[in-house]
Amino acid sequence: MTQQYIPLSIPQINGNEWKYVKECLDTGWVSSVGPFVGRFEEAVAAYLGVEDAVAVSTGTAALHTALLIAGVNAGEEVIVPALTFVAPVNAICYVGASPIFMDVSEQSWGLDVEKLASFLNENCEVRGETCFNKNTNKKIRAIVVVHILGLCCNMDPITHLAKQYYLKIIEDAAEGMGVCYKGKPIGTFGDLGAFSFNGNKVVTAGGGGMIVAKKEKDLAYARYLTTQAKDDPLEYIHNEIGYNYRLTNIQAAVGLAQMEQLQNFLQKKKQIALYYEESFKNLEGITLMPMPDFCKPTYWLYAILLRKQVTVQERKMFIQKLNEEGVGARSFWHPIYKLTPFQQFETYKIENTMPLYERGICLPSSVGMKMEDLERVVRSVKNVLLY
Ligand SMILES: *Cc1c(COP(=O)(O)O)cnc(C)c1O
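Residues in the sequence shown are numbered from 523 upward in steps of one, following the working numbering.
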């Protein structure tokens, strides 16, 4: 049986991508200077309802830069959820800081607010205007809030705690373009926010990232740091260590064309999610994605949970069988604190992360999926469930 493989999340290139890229090639503006970079930044800023945004080469670069701007120094600590793609944790390590892994909640699959509060109240103290971890006597500088799979975290209590403990908030909204928390786009709640335009994200630029910030001076600093910290470009004066993190005009051309289609993409993602929800809601052994009332999700990847008692091995088999039937399902990320480079770091009351990892399955959610693809995914899930 050779059926076409239904991938997890692939881009749809149906808009002005060709036209804009051709314009780059025809004019010779192919590199990191060119009109599309600014136009892409403006399009993203307008959508998010902010003044400005800084385009960078990847979402990971956006996170790295955001941590630098938040003033996270080597030897300090940063709180991050235990259930996340590895990128924000890597970025914390790039600046020489240590992650503190916090549990996630069943309600949002993001940072567990109660645990964050009890960790700060019991294990930390503010001296002057700095938060110290009483266990390690190190400074905790920031929280990286990761919004996963097109859901969002409960920002109000997180913001309140961050203020109380003098912590900067960096939102990792790489998966969250279009997600709203209480009616406002995520990425705009923290001191800094990072987006990704990797090929599998809601909007792609081939590769790319975007930094947004509350303060204008932080954005100006982001632009400076990500263009080699040029102080006098004619005389090659650089007064700080900079990075070559700028997006190219070609990538921005693709990104802009994709942003123009965002509303359509989101509509399609929603239809996919509704179809899955309708198909699975009465199935025993399947839990649907949570729907916290503070969040308007985008369902970047629609995910389900298998029954509570499932083992990792059984879940792996489940995914393997789906893959064999041509359904590109994937697991959640391996719990980060268990990976070799990160085993040395502190964890706090991690209880919900492991069961989510054990039970979670992401289903194909590409914008271009046809009804027959959706039907096939549902049929396969039901088949494997009965097996
Ligand atoms: C994709 C992703 C990133 C990294 O983005 P890149 O553009 O691939 O560097 C960061 N955080 C999360 C949660 C992601 O899913």
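Note that CB positions come from ideal geometry on N, CA and C, so glycine has one too.
Asked                                                                                                                                                             : Found
From this set, Y527, Q534, Y688, which residue's C-alpha is nearest L784's C-alpha?                                                                               : Q534
Work out the CA separation of V635 and Q526 for me, nearest whole Å.                                                                                              : 43 Å
When you compare the CB positions of L778 and Y569, do they come within less than 8 Å of one another, or not?                                                     : no
Judging by CA-CA distance, which residue of K736, V701, Y687 is the nearest neighbour of D574?                                                                    : K736
Shorter than 7 Å, the distance from the beta carbon of S853 to the closest heavy atom of ligand 1, or not?                                                        : no
Threshold first: 3 residues or longer. Then list the beta strand (DSSP E) segments lying entirely within the stretch 822–884, N to C.                             : 824–828
Mind checking whether the beta-carbon of L585 lies closer than 7 Å to any heavy atom of ligand 3?                                                                 : Of the ligands one can find in the structure shown, namely ligand 1, none is ligand 3.
Please list, in chain order, all residues of the same chain as P610 whose beta carbon is under 7 Å from its beta carbon, the five residues on each side excluded. : L585, V602, V666, V668, D694
Where does E935 land, buried or exposed, given buried means 16+ other C-beta within 10 angstroms?                                                                 : The question about residue 935 has no answer, for the chain in this structure spans 523 to 909.
Using CA coordinates, which residue listed in W822, G807, T681 is at the minimum distance from V832?                                                              : G807
Using only CA atoms, which one of V734, A825, E762 lies nearest to V576?                                                                                          : V734
Can you grab the Cα-Cα spacing for the pair V559 / T580, in whole Å?                                                                                              : 14 Å
Which one of F867, G728, S888 has the shortest CA to CA distance from Q793?                                                                                       : S888
Given a threshold of 16 other Cβ atoms within 10 Å of its Cβ, counted over all protein chains shown, does N676 qualify as buried or as exposed?                   : buried
Is the CB-CB distance between G618 and V626 below 8 Å?                                                                                                            : no
So the beta strand (DSSP E) D694 belongs to, where does it begin and stop?                                                                                        : 690–694
For my contact list, E697 and P812 are in at a C-beta cut-off of 8 Å; report their separation, rounded to the angstrom.                                           : Incorrect: roughly 15 Å between the Cβ atoms, too far for contact.
Please name the residue or residues paired with A716 in a DSSP beta bridge.                                                                                       : D694, I733
Assuming P857 and L605 are in contact, meaning their beta carbons sit under 8 Å apart, how far apart are those beta carbons, in whole angstroms?                  : 7 Å
Can you tell me the Cα-Cα spacing of P529 and V566, whole angstroms?                                                                                              : 27 Å
Taking only heavy atoms of ligand 1 into account, decide whether any of them is closer than 7 Å to the Cβ of K723.                                                : yes
Three or more beta-carbon pairs under 8 Å between the stretch 821–831 and the stretch 867–882, yes or no?                                                         : yes
So within the stretch 624–708, which uninterrupted beta strand (DSSP E) runs reach at least 3 residues, ignoring any that extend past its ends?                   : 646–649, 652–655, 660–668, 690–694
Check for me: the beta strand (DSSP E) holding A577 runs from which residue to which?                                                                             : 576–578
With 16 as the cutoff for other CB atoms within 10 Å, does T549 come out buried or exposed?                                                                       : exposed
So does S718 have its beta carbon nearer than 7 Å to some heavy atom of ligand 1?                                                                                 : yes
What first and last residue would you give for the alpha helix (DSSP H) that runs through E511?                                                                   : Residue 511 cannot be examined here, being either before or after the span of the chain that is shown, 523 to 909.
Taking C546 and A716 to be in contact with their CB atoms under 8 Å, please state how far apart those CB atoms are, rounded to whole angstroms.                   : Their Cβ separation, rounded to whole angstroms, is 25 Å, which puts C546 and A716 out of contact at 8 Å.
Comparing C-alpha positions only, which one of L861, G850, L590 sits nearest to N722?                                                                             : G850
For W822, which residues in the same chain have their Cβ closer than 6 Å to its Cβ, ignoring the five residues on either side in sequence?                        : L671, G672, E697, V724
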